[in-house]
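J.: Protein chains in written order, with full-length UniProt numbering: chain R, 1 to 806; chain B, 1 to 163; chain S, 1 to 284.
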Amino acid sequence: MNEMSPPKSERSAALKGLGTARKRVEDVRFTQGKGNYVDDIQQPGMLFGDFVRSPYAHARVKSINAEAALALPGVVAVLTAKDLEPLSLHWMPTLAGDKQMVLADGKVLFQGQEVAFVVAEDRYIAADAVELVEVDYEELPVLVDPFKAELPDAPILREDIADDLEGAHGPRRHPNHIFTWEQGDKAATEAVIAEAPVVAEEMVYYHRTHPCPLETCGCVASMDKVNGKLTVWGTFQAPHVVRTVASLLSGIAEHNIRIISPDIGGGFGNKVGVYPGYVCSIVASIVTGKPVKWIEDRMENLMSTAFARDYWMKGKIAATSDGRITGLWCHTTADHGAFDACADPTKFPAGFMNICTGSYDIPTAYLAVDGIYTNKAPGGVAYRCSFRVTEAAYFIERMIEVLAIKLGMDAAELRAKNFIRKDQFPYHSALGWEYDSGDYHTAWDKALKAVDYDGLRREQAERLEAFKRGETRKLMGIGLTHFTEIVGAGPVKNCDILGMGMFDSCEIRIHPTGSAIARLGTISQGQGHATTFAQILATETGIPADDITIEEGDTDTAPYGLGTYGSRSTPVAGAATALAGRKIRAKAQMIAAYLLEVHDNDVEWDVDRFAVKGAPERFKTMKEIAYAAYNQAIPGVEPGLEAVSYYDPPNMTYPFGAYICVLDIDVDTGETVVRQFYALDDCGTRINPMIIEGQVHGGLTEALAIAMGQEIAYDEIGNVKTATLMDFFLPTAWETPHYTTDYTETPSPHHPIGAKGVGESPNVGGVPCFSNAVNDAFRAFGLTHTQMPHDHWRIWKTANDLGLHA
Amino acid sequence: MAKTHLKMTVNGQEVETLAEPRELLIHVLRERLGIKGPHIGCETSHCGACTVDMDGKSVKSCTVFAAQAEGADITTVEGLGDPDNLHVLQEMFREHHGLQCGFCTPGMIIRAHRLLLENPNPSEEDVRFGMAGNLCRCTGYQNIVKAILAAAAEMNAAKEAAQ
Amino acid sequence: MIPGAFEYHRPESVDAAVKLLAELGEDSRVIAGGHSLIPMMKLRMADMSHLIDLQKIGDLKGIRVDGGTVTIGAMTTQHELIENAALQDAAPIMREAALQIADPQVRYVGTIGGNVANGDPGNDMPGLMQCLDATFTLVGPDGERQVAARDFYEAAYFTARTDEEILTAISFTAPKGGYAYEKQKRKIGDYATAAAAVLLSKDGDRCSAASIAMTNLSDTPVYSADAGAALTGSPLDDQAIKTAVAAALNDIEPAEDNRGPVAFKIHVAGVILRRAIERAWSRA
């Protein structure tokens, strides 16, 4: 009995559990420059690898002469495909069921492709040696435009599979064709469109871009020949998957491979894949017996590691004349580059593009995606979005605007008219998903009210009149978006990566003095897992978050997990964490009952303790219970207090949000100024509001970049035009607007704590919102759609084509 | 290529090392002197992750040769505070969630340090303009700006209290 | 991105630097702030055996305003140009332009000498120097000579400076009247899509003198005497501005790049120049 016991609210606050804006534990070391990123890792005798890369987009490699490079003092080895072939490592499997050259095998298929790997005593010598490797190329015709891939005169890119009529995702109709993926009811959709009173059509292009985290990709591979163990530190968003792949490729038993993801300087999807640099470093370490470091430079990062998007989405949307949507049709031409290295669950070659019916109750829909090879870098990763969800959201949110124009309707009203209603959840979409929960109308109304939507439209109309009178050269655009995401892959029954089901995991050990360590199968790249997962556990176990260490990223210690991307950490690993916490609590209940000399069912959980029902003064705190678990023989109960949980989610989660952007456009220079951005996010239960807000700010800024200028552009012979940060647009603090954030909270019914994930929502919703604002500014002049990115010259050209410079 | 003898002051300590003239200051700091706060992000002087304070100036250390830095007085984020006595900027970045992956943070903080020395009462616009040589991919800058403004207020309050 | 190897030299006087340059021959280069040269070396687009660092030469530093003449040592940084009160009084257009160059870190290191000497058409100072009718001082084995900024630029990266010479100073007469340096760029740190430097003098209601130059719209900076002439003597009305803009556009020859196609650049050049003229006139 303890009458001094603090009240419930105080004890609850002390935990810093769910809903607390807890300061991040990671920041203490990061603000002091004491992070530990891959390039910080030094090993005795470490060598350095560097690539000879192709200057051509398509060429035959006639010969490689490494004599001069090998003669340079300090050069240890120069690896080519010939050296890797006996190990069957000159090619490697991709995540999408294709294969990719590790080093050029007879030809190169994109500019920047890896041709030879130089290993030297330091990075300066390695770079000098790269210059000395002589490669004799014979240039071949280049295929840049995916719409020309199947023309009679198109060059055949993949000679290795030119005759394969069957690919990883079904039949191929041409050597440059990868797959056709169809969802929904084609005949029914085409019938609806044929008969609909109103049909809007548009080609919506989501251009090629790149996640470009501030830290590039890299690794340190170290083969310890004494104990036969391979350790690889690297920028891995999915370390366990890398371990399994490394084992399958190298033949080294999986228990002899240790993959460690140290601190990661941003990932955004760029660090999901397996790259030739990792394979070559491992081989080089095995060959030399020394640790080998490979760190790509920024140009290599932008030119060769995974790009994102590059979807040409041809759409038709049908409606009644009063604006009720009746059907959606989409055909996408997906430019995958030279190898299909998309990071998607195996059964989804176009990711979750079939979420493209968005937030709307669309009864009939059809989607087809054709994957195409071109002479560009491979990839197709989920750049701060779940697999192809940003493409889907951009497509539907543009089509809604195009339809509103066709109907002569306000786009906000059109959306509200077609939202899935709250009472329709769980909602089955025409393209096969079961939306878990949502309340779109409430969010939408809150957003419109917050920005005074009607007032904005009035102001816009006044500005337009002033523009027509010649009093201003600036137009005002109002961008609207209501997006629905699909994240948290995923149910093992239909989601896997290279055959590994997409569950995730958490293992907890409570120490005798009542503090704890938990390890997870995910890996933070800045999301603050060490902070937020401890908060989930604090609420579940009653141990203060400050007393819980979270560890990730070391495959020797962490339980198997599928990693962090596609906003899956909170929906999947977060659920595993909560359930592991509940296992701890279940055992603690038995111990508490024993200590309190009552039946198990006679105690109840109270924030941080079990108390006797009806006698709250008789209790045992989790701290006391933990001590007893290790120090007292309790009949029928094993000593210790640990739990492991592997969580296979029953469904995905469906975060949503309502975004509104107001911007001014200078029609003469094409310059834009975002003067207001309102973002309402509903990510279900909110774990840490501070971190959520930070995620939204960051994702919106990435969206701003993508919408307004960021692209990987190629010229007609396949040269990358945007390979440095001079030309690849990353906004500074100066170009970035101030954001206003808001929320509603609609918990996921199937997630143990109701959380849905948030990291990627702002990118998914932000891109259409910025783009819609640009398009909206020109709506009064007859524009229906203009392609991203909306950089100065393209906006200027839009204005010019509309006759606004006359 | 022959190495030359370099002498500089780093975080208040005189250090000596051997380096090729072409070695970049960022590599000298990180690999020869074990100072790993400054990071390499873009290599073309656009991102500012490698920013250090050199002879009273914010400098991108990926665009300085080791030989040019001979005799220089350099401060990195490691020289600003220590674990028991954090610099107010370090505290405010944490307080206001001014970082996520942490990769840009050492460059941000050391740049903000010089900015506040030159302009102790900056406006939000001053901070956004003065920090425009440092890229962040995670935060959208809003909380970085907030942290720097908060640090300025704290530092000014401390100065007033001392007077 | 790793530069090739070189030998490093740090002379302490202009004479010593010039002597080194002559001795080491064409395989040597001088380095000022290095923020143009070092990235080129890291990309292995520039390679040399000897690098002659000018940082230790005190004579190359400093800003002097003397009886209406401004003299700036080549090793003066953009940051120093921005902070210098005397220069702000004598030629405020210098600060206005310098603030639009690169970003804070680059301005701490980047020098005016490097900016004007390397001949990069993207650099902002060359156009401004032509607008100011500045004179560059070059020192070589045969001594010192002066070259007008308006005669200095021959083509991209080709200038009147010979390989044996070092650009040691720039000087110009402090401008009177209104001024503006207007620049459109994609973001902080970018070169200009189009930029214009304008100096105007006013006499009564009329423009009594005008000087106009433009940046990154040809392979050299463009001083447009015709554009200036179109304004001189005019009441600076819409017609005069139109004529001046048309004259300036006649003198430029922009190339397509990632900033946009030629037609866009020409259009923007006209808009930017008009804005610069209007702002300069409002200050005249």
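Cβ coordinates follow ideal geometry from the N, Cα and C atoms, glycine included.
Would you mind stating whether residue 658 of chain R and residue 24 of chain R have Cβ atoms separated by less than 9 Å?
T.: No, the Cβ-Cβ distance between residue 658 of chain R and residue 24 of chain R is not below 9 Å.
J.: Mind checking if residue 1 of chain S is an interface residue toward chain R, Cβ cutoff 9 Å exclusive?
T.: Yes, contact with chain R.
J.: Give me the chain R residues within the contact set of residue 271 of chain S, using Cβ-Cβ distance strictly less than 7 Å, ordered along the chain.
T.: Within chain R, the residues near residue 271 of chain S are 668, 669.
J.: For the beta strand (DSSP E) that contains residue 19 of chain B, what are its first and last residues?
T.: Counting along the chain, the beta strand (DSSP E) containing residue 19 of chain B begins and ends at 13–19.
J.: Decide if residue 143 of chain S is buried, meaning its Cβ has at least 16 other Cβ atoms within 10 Å, or exposed.
T.: Result: exposed.
J.: Please report the residue range of the beta strand (DSSP E) in which residue 329 of chain R lies.
T.: Element bounds for residue 329 of chain R: 325–337.
J.: Is the distance from the Cβ of residue 415 of chain R to the Cβ of residue 360 of chain R below 9 Å?
T.: Yes, Cβ-Cβ distance for residue 415 of chain R and residue 360 of chain R is below 9 Å.
J.: Can you look up residue 280 of chain R in the DSSP assignment and give me helix, strand or coil?
T.: In this structure, residue 280 of chain R counts as helix in the three-state DSSP scheme.
J.: Give the straight-line distance between the Cα atoms of residue 750 of chain R and residue 571 of chain R, rounded to the nearest whole angstrom.
T.: Distance between the alpha carbons of residue 750 of chain R and residue 571 of chain R: 10 Å.
J.: Does DSSP put residue 434 of chain R in a helix, a strand or coil?
T.: Correct three-state label for residue 434 of chain R: strand.
J.: With distances taken Cα to Cα, identify the nearest neighbour of residue 265 of chain R among B:151, B:136, B:141.
T.: The shortest C-alpha separation from residue 265 of chain R is found at B:136.
J.: Taking buried to mean at least 16 other C-beta atoms within 10 Å of its own C-beta, is residue 225 of chain R buried or exposed?
T.: Exposed, since its Cβ has fewer than 16 Cβ neighbours within 10 Å.
J.: Report, in whole angstroms, the separation of the C-beta atoms of residue 535 of chain R and residue 688 of chain R, which I expect to be a contact under 8 Å.
T.: That belief holds up - the Cβ atoms of residue 535 of chain R and residue 688 of chain R are roughly 6 Å apart, short of 8 Å.
J.: With contact counted as at least three CB pairs below 8 Å, one residue from each stretch, are the region 298–315 of chain R and the region 375–384 of chain R in contact?
T.: Short answer: they touch.
J.: Name the one or two DSSP bridge partners that residue 810 of chain R has.
T.: Residue 810 of chain R is absent from the model: chain R starts at 1 and stops at 806.
J.: For residue 736 of chain R, collect the residues of the same chain with a Cβ closer than 6 Å to its Cβ; drop the 5 residues on either side in sequence, then sort them by chain order.
T.: Excluding positions up to five away in sequence, the list reads 701.
J.: Establish whether the CB of residue 160 of chain B and some CB of chain R are separated by less than 9 Å.
T.: It does not: the Cβ of residue 160 of chain B has no partner Cβ on chain R nearer than 9 Å.
J.: Using the C-alpha atoms, what's the distance from residue 275 of chain S back to residue 201 of chain S?
T.: Taking the straight line joining both Cα atoms gives about 16 Å.
J.: Please return the same chain residues whose Cβ sits closer than 8 Å to the Cβ of residue 1 of chain R, not counting the five positions on each side in sequence.
T.: Here residue 1 of chain R scores only 43 on pLDDT, less than 50, and its place in the model is too uncertain to base an answer on.
J.: Starting from the Cα of residue 185 of chain R, find the closest Cα among R:70, R:430, R:174 and give me that residue.
T.: Comparing Cα-Cα distances from residue 185 of chain R to each of R:70, R:430, R:174, the minimum goes to R:430.
J.: Taking a cut of 7 Å between CB atoms, which residues from the region 80–110 of chain S lie near chain B?
T.: So the close ones are 103, 104, 105, 106, 108, 109.
J.: Along the region 706–727 of chain R, where does the CB come closer than 8 Å to a CB of chain B? Name the residues.
T.: Correct list: 724, 725, 726.
J.: Since residue 630 of chain R and residue 640 of chain R are thought to touch, with beta carbons under 8 Å apart, how far apart are those beta carbons, to the nearest angstrom?
T.: Going by Cβ atoms, the distance from residue 630 of chain R to residue 640 of chain R rounds to 6 Å, so yes, they are a contact pair.
J.: Any Cβ of chain S within less than 9 Å of the Cβ of residue 92 of chain R?
T.: No, residue 92 of chain R lies away from the interface with chain S (no Cβ there is under 9 Å from its Cβ).
J.: I think residue 169 of chain R touches residue 349 of chain R, with their Cβ atoms under 8 Å apart; what is that distance to the nearest whole Å?
T.: Confirmed, Cβ separation roughly 4 Å.
J.: Would you please verify whether the beta carbon of residue 11 of chain S is less than 9 Å from any beta carbon of chain B?
T.: It does not: the Cβ of residue 11 of chain S has no partner Cβ on chain B nearer than 9 Å.
J.: Report the three-state DSSP secondary structure of residue 1 of chain R (helix, strand or coil).
T.: Since pLDDT at residue 1 of chain R reaches only 43, below the 50 mark, its modelled position is unreliable, and no value is offered.
J.: Check whether the Cβ atoms of residue 576 of chain R and residue 504 of chain R lie closer than 9 Å to each other.
T.: Closer than 9 Å, so yes.
J.: On a CA-only basis, which of R:291, R:565, R:254, R:567 is nearest residue 46 of chain R? Give me that one, please.
T.: Nearest option by C-alpha distance: R:291.
J.: Please specify which runs of the alpha helix (DSSP H), each continuous and at least 4 residues long, are wholly inside the region 336–368 of chain R, giving them in chain order.
T.: Correct list: empty.
J.: Return the Cβ separation of residue 50 of chain R and residue 123 of chain R in integer angstroms, given the expectation that the two are a contact with Cβ distance under 8 Å.
T.: Going by Cβ atoms, the distance from residue 50 of chain R to residue 123 of chain R rounds to 7 Å, so yes, they are a contact pair.
J.: In terms of alpha-carbon separation, which member of R:100, R:252, R:120 lies closest to residue 92 of chain R?
T.: The candidate whose alpha carbon is nearest that of residue 92 of chain R is R:100.
J.: Beta-carbon separation of residue 160 of chain R and residue 105 of chain R under 9 Å?
T.: The answer is yes: Cβ separation under 9 Å.
J.: Hey, how far is the Cα of residue 203 of chain S from the Cα of residue 249 of chain S?
T.: Approximately 26 Å between the Cα atoms of the pair.
J.: Against chain B, does residue 290 of chain R count as a neighbour if the rule is that its beta carbon must be under 9 Å from one of theirs?
T.: Answer no: the Cβ-Cβ gap between residue 290 of chain R and chain B never drops below 9 Å.
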